[in-house]
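Engineer: So the sequence shown is numbered by the numbering used here: it starts at 54 and just counts up by one. Before we start, here is the structure in question, set down as structure tokens.
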Amino acid sequence: MPHVIASALLSRTAGQLRWLRTETVRTWSHSGVRRGLLATSLIAIGGFSRAFTPENSPWLDALPWLETSASWQLVASVLSVLGTLMLIDAWFQLRPRIGRAHPDLRIVIALWTLPMLLGPPIFSQDSYALAAEGWMLHNNADPYTLGVGMMPGEFAEQAVLVWRYTIAPYGPISLQISELVVGLFNYNPYWSATLGMRLVSLAGVALIAGCTPAIARHFGKDPQSAVWFAAVNPLTITHLIGGAHNDAWMLGLVVLALWLAVKHRFLLACACVAAATAIKLPAVVVAVPVALIAFPPPTTGRRWHREFAAILHVSVASALSLAAFLAISMASGLGWGWIAGLSVPGIVVTMAPWRATGEFLGLIMNQFGFYDIGRRMGRIFTDTGIAVTIIAILALFRRWLLRKPNNFGAAAMALIALGGPSLHPWYFTWGLTLFPFSDPTPMLRRLTYLAITLGMYASVVLLCYFNGALAIGLIAFIPFCWLAWVNDRIHVRGTELKQPVPVGNPVA
Numbered sequence: 054m055p056h057v058i059a060s061a062l063l064s065r066t067a068g069q070l071r072w073l074r075t076e077t078v079r080t081w082s083h084s085g086v087r088r089g090l091l092a093t094s095l096i097a098i099g100g101f102s103r104a105f106t107p108e109n110s111p112w113l114d115a116l117p118w119l120e121t122s123a124s125w126q127l128v129a130s131v132l133s134v135l136g137t138l139m140l141i142d143a144w145f146q147l148r149p150r151i152g153r154a155h156p157d158l159r160i161v162i163a164l165w166t167l168p169m170l171l172g173p174p175i176f177s178q179d180s181y182a183l184a185a186e187g188w189m190l191h192n193n194a195d196p197y198t199l200g201v202g203m204m205p206g207e208f209a210e211q212a213v214l215v216w217r218y219t220i221a222p223y224g225p226i227s228l229q230i231s232e233l234v235v236g237l238f239n240y241n242p243y244w245s246a247t248l249g250m251r252l253v254s255l256a257g258v259a260l261i262a263g264c265t266p267a268i269a270r271h272f273g274k275d276p277q278s279a280v281w282f283a284a285v286n287p288l289t290i291t292h293l294i295g296g297a298h299n300d301a302w303m304l305g306l307v308v309l310a311l312w313l314a315v316k317h318r319f320l321l322a323c324a325c326v327a328a329a330t331a332i333k334l335p336a337v338v339v340a341v342p343v344a345l346i347a348f349p350p351p352t353t354g355r356r357w358h359r360e361f362a363a364i365l366h367v368s369v370a371s372a373l374s375l376a377a378f379l380a381i382s383m384a385s386g387l388g389w390g391w392i393a394g395l396s397v398p399g400i401v402v403t404m405a406p407w408r409a410t411g412e413f414l415g416l417i418m419n420q421f422g423f424y425d426i427g428r429r430m431g432r433i434f435t436d437t438g439i440a441v442t443i444i445a446i447l448a449l450f451r452r453w454l455l456r457k458p459n460n461f462g463a464a465a466m467a468l469i470a471l472g473g474p475s476l477h478p479w480y481f482t483w484g485l486t487l488f489p490f491s492d493p494t495p496m497l498r499r500l501t502y503l504a505i506t507l508g509m510y511a512s513v514v515l516l517c518y519f520n521g522a523l524a525i526g527l528i529a530f531i532p533f534c535w536l537a538w539v540n541d542r543i544h545v546r547g548t549e550l551k552q553p554v555p556v557g558n559p560v561a
């Protein structure tokens, strides 16, 4: 019997390897795939600069001119700009279309990720802080009460200065994953923060790619188009994987929760919502679509009766998710320090609309001598933005309570990103990951493509700024605008994505 089982396993493995070889060759034949691989290679090479490479990086020991050569900073900035433009264009080339063979998008993700695995984080240094928090846990220090800089050493020195003395803003599962990764990579500061965190992020994106087709079919969407948009878009490739952000872990669990809801595994879906929330708090709103997908409200009867049933389903899902979240937090032994950490991301001014508007008005107030109100404008607008976001989410809940839970999930995640005190380009992926399941208007669809392009432009501008080559980033605005217009004209306006696959009875 063991011989038969071993033979069957070997035969199955050989068959899978043959399939992988055949699909890889077929995927590689697509020009967009090759162009995308060249693009991520250029971005990865451009990442070897002082922009997002810490001073104690082993690459600087081997190649010290990476930091000191002004000429290389210029070249690295140009390579990053060119690679980003090429990646956006390559992504649009892979857009599934009627009557055209498309590559295996899972292989595309793997190929495009390869050049970025060993280099510094792409467009960010957050993964160094994640690794440092894992190192703190390993040494029985509490990241919710101490900053990573309170434990001197290579892990702390890698973290960017602004986050070195702040407490962790992430949930307990995020910290425990960091501790696990640091241990698996033998407590090596650089490799745990780069390759280790990237592999976990890649697993999160793989989870998105694996679960998305079934969810898309449930809502009457094309699976290939959904995977193309959610898991292969440039923000996901460069930021979630290349930047090794824990947003990939959160979103992977969010999509898994929706997949479990589609399969009517309600309790497991609530547990996944809790786990995702224990990484980053915005995932909590996914309890709403999970409830309404697993237990759709009645379609007949009086409206108040149907609304009561829907609210009851959402309340049960929220209560179960909260109970699981409390259990996770208690089991972690880390307490509730994450609550105090929620304010940490807002200590720096980013492109968050509300906060940026408040800071700008504060500068104007200061010019006229109103220093006290000018100092408080940022906080006033930040709090206003949070309040408006909550009201908007409640309004969308009321609007889509009896139908279109797919719309609510994407819109709520997007509103949280835009209405919060901090906004980075990878925050766009919160709503974009769930966007393929929604029913957007043509104009909203065009705006999402534009948001991806602008998010990538904001990324390269920041890199150019840190490399002392801001002029290159400003000049790059012209080709980015041109690319956005061309892709909108060719791939969006007047065209349709591959026709949705008919399903039995989608909830929409």
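Heads up, the beta-carbon is just placed ideally off N, CA and C, and yes, glycines get one too.
Here's a check: name, in chain order, each residue in its chain whose Cβ is nearer than 6 angstroms to the Cβ of Ser374, leaving out the five neighbours to either side.
Structural biologist: Within the sequence shown, residue 374 is the residue found at index 321, counting from 1. Cβ neighbours of Ser374 beyond the five flanking positions: Cys323, Val326, Ala327, Ala340.
Engineer: Give me, in chain order, the residues of the same chain whose beta-carbon lies closer than 7 angstroms to that of Ile261; leave out the 5 immediate sequence neighbours on both sides.
Structural biologist: Locating residue 261 in the sequence shown gives position 208, where the first residue counts as 1. Result list for Ile261: Ala283, Ala284, Leu304, Gly305, Val308, Thr486, in chain order.
Engineer: Rounded C-beta distance between Ile505 and Val134? I'm assuming under 8 angstroms.
Structural biologist: Locating residue 505 in the sequence shown gives position 452, where the first residue counts as 1. Locating residue 134 in the sequence shown gives position 81, where the first residue counts as 1. With a Cβ gap of about 16 angstroms, Ile505 and Val134 do not count as contacting.
Engineer: Distance check for Lys316 and Pro559, CA to CA, integer angstroms please.
Structural biologist: As a position in the sequence shown, residue 559 is number 506, starting the count at 1. As a position in the sequence shown, residue 316 is number 263, starting the count at 1. Low per-residue confidence applies at Pro559: pLDDT is 36, beneath 50, and the placement is therefore not dependable, though the value from the model is reported in the following sentence. Those two C-alpha atoms are separated by around 13 angstroms.
Engineer: Taking the alpha helix (DSSP H) that Thr442 belongs to, which residues open and close that run?
Structural biologist: By one-based count along the sequence shown, residue 442 stands at place 389. It spans 424-452 - the alpha helix (DSSP H) in which Thr442 sits, taken as one unbroken run.
Engineer: Are the CB atoms of Ser180 and Met250 nearer to each other than 8 angstroms?
Structural biologist: Indexing the sequence shown from 1 puts residue 180 at position 127. Indexing the sequence shown from 1 puts residue 250 at position 197. Yes, they are a contact pair.
Engineer: Rounding to the nearest angstrom, what Cα-Cα distance links Asp541 and Met496 in this structure?
Structural biologist: In the sequence shown, counting from the first residue as 1, residue 541 sits at position 488. In the sequence shown, counting from the first residue as 1, residue 496 sits at position 443. Going by the C-alpha atoms only, they are around 11 angstroms apart.
Engineer: Short of 7 angstroms in beta carbon distance, which residues of its chain neighbour Glu207, apart from the five on each side in sequence? Order them along the chain.
Structural biologist: The residue given as residue 207 occupies position 154 in the sequence shown. Excluding sequence neighbours, Glu207 sits near Asn109, Pro242.
Engineer: What number of angstroms, rounded off, separates the C-alpha of His366 from the C-alpha of Arg359?
Structural biologist: In the sequence shown, the residue the question calls residue 366 occupies position 313. In the sequence shown, the residue the question calls residue 359 occupies position 306. Their Cα atoms are separated by approximately 11 angstroms.
Engineer: Taking the alpha-carbon of Phe361 as reference, which of Pro350, Ala370, Ser371 has the nearest alpha-carbon?
Structural biologist: By one-based count along the sequence shown, residue 361 stands at place 308. Comparing Cα-Cα distances from Phe361 to each of Pro350, Ala370, Ser371, the minimum goes to Pro350.
Engineer: Return helix, strand or coil for Ile175, following the three-state DSSP convention.
Structural biologist: The residue you call residue 175 lines up with position 122 of the sequence shown. Coil at Ile175, not helix or strand.
Engineer: Note the first and the last residue of the continuous alpha helix (DSSP H) segment covering Phe348.
Structural biologist: Counted from its first residue, the sequence shown places residue 348 at position 295. From DSSP, Phe348 is part of no alpha helix (DSSP H); its letter is neither H nor E.
Engineer: Please give me, in chain order, every unbroken run of the alpha helix (DSSP H) with length at least 4 that falls completely inside the segment 176-211.
Structural biologist: If we require 4 residues or more, the alpha helix (DSSP H) runs fully inside the segment 176-211 come out as 179-191, 207-211.
Engineer: Along the alpha helix (DSSP H) that carries Gly263, what are the first and last residues, could you check?
Structural biologist: Against the sequence shown, residue 263 aligns to sequence position 210. First-last of the alpha helix (DSSP H) with Gly263: 250-271.
Engineer: Distance, Cα to Cα, Phe533 vs Ser94?
Structural biologist: The residue given as residue 533 occupies position 480 in the sequence shown. The residue given as residue 94 occupies position 41 in the sequence shown. Between Phe533 and Ser94, the C-alpha separation is close to 19 angstroms.
Engineer: Would the beta-carbon of Ala92 fall within 8 angstroms of that of Met139?
Structural biologist: For this step, residue 92 is matched to residue 39 along the sequence shown. For this step, residue 139 is matched to residue 86 along the sequence shown. Yes. Within cutoff.
Engineer: Can you grab the Cα-Cα spacing for the pair Pro168 / Gln420, in whole Å?
Structural biologist: In the sequence shown, residue 168 corresponds to position 115, counting from 1. In the sequence shown, residue 420 corresponds to position 367, counting from 1. Using only the alpha carbons, I get a separation of about 48 angstroms.
Engineer: Please check the pair Met509 and Leu237, which I expect to be a contact at CB under 8 angstroms, by giving their CB distance rounded to whole angstroms.
Structural biologist: Against the sequence shown, residue 509 aligns to sequence position 456. Against the sequence shown, residue 237 aligns to sequence position 184. Between Leu237 and Met509 the Cβ distance is about 31 angstroms, and since that is not below 8 angstroms, they are no contact.
Engineer: Taking Gly89 as the reference, give the member of Gly136, Phe101, Ala123 with the closest Cα.
Structural biologist: On the sequence shown, position 36 is the one that residue 89 refers to. The residue with the shortest Cα to Cα distance from Gly89 is Gly136.
Engineer: May I have the straight-line CA-CA distance separating Ile346 from Ser491, to the nearest angstrom?
Structural biologist: Reading the sequence shown from its first residue, position 293 is the one you call residue 346. Reading the sequence shown from its first residue, position 438 is the one you call residue 491. Going by the C-alpha atoms only, they are around 13 angstroms apart.
Engineer: When the distance is taken between beta carbons, is Ala129 closer than 8 angstroms to Gly99?
Structural biologist: Within the sequence shown, the letter at position 46 stands for residue 99. Within the sequence shown, the letter at position 76 stands for residue 129. Against a cut-off of 8 angstroms, the Cβ pair of Ala129 and Gly99 comes out as a contact.
Engineer: Give the list of continuous alpha helix (DSSP H) stretches no shorter than 4 residues that lie fully inside the segment 443-531.
Structural biologist: Correct list: 458-472, 481-487, 495-519, 523-528.
Engineer: Measuring CB to CB, does Ile332 end up less than 8 angstroms from Ile226?
Structural biologist: Mapped onto the sequence shown, residue 332 falls at position 279. Mapped onto the sequence shown, residue 226 falls at position 173. Their beta carbons are under 8 angstroms apart, which means Ile332 touches Ile226 by this criterion.
Engineer: Please work out which residues of its chain come closer than 8 angstroms, Cβ to Cβ, to Gly200, disregarding the five sequence neighbours upstream and downstream, and give them in chain order.
Structural biologist: The residue given as residue 200 occupies position 147 in the sequence shown. Closer than 8 angstroms at Cβ, skipping near neighbours: Trp216, Arg217, Tyr218, Thr219, Ile220.
Engineer: Taking Cβ positions, are Ala522 and Pro478 nearer each other than 8 angstroms?
Structural biologist: Start at 1 with the first residue of the sequence shown, and residue 522 comes out as number 469. Start at 1 with the first residue of the sequence shown, and residue 478 comes out as number 425. Going by C-beta atoms, Ala522 is not nearer than 8 angstroms to Pro478.
Engineer: With C-beta atoms as the reference, is Pro222 less than 8 angstroms away from Val397?
Structural biologist: Looking up residue 222 in the sequence shown gives position 169. Looking up residue 397 in the sequence shown gives position 344. Contact flag set, yes.
Engineer: At the level of alpha carbons, what is the spacing between Val131 and Leu158?
Structural biologist: For the purposes of this step, residue 131 is taken as residue 78 along the sequence shown, with counting starting at 1. For the purposes of this step, residue 158 is taken as residue 105 along the sequence shown, with counting starting at 1. Their backbone Cα atoms lie some 28 angstroms apart in a straight line.
Engineer: From Gly422 to Ala405, what does the alpha carbon distance come to, in whole angstroms?
Structural biologist: Along the sequence shown, one-based indexing puts residue 422 at 369. Along the sequence shown, one-based indexing puts residue 405 at 352. Each residue's alpha carbon lies about 26 angstroms from the other.
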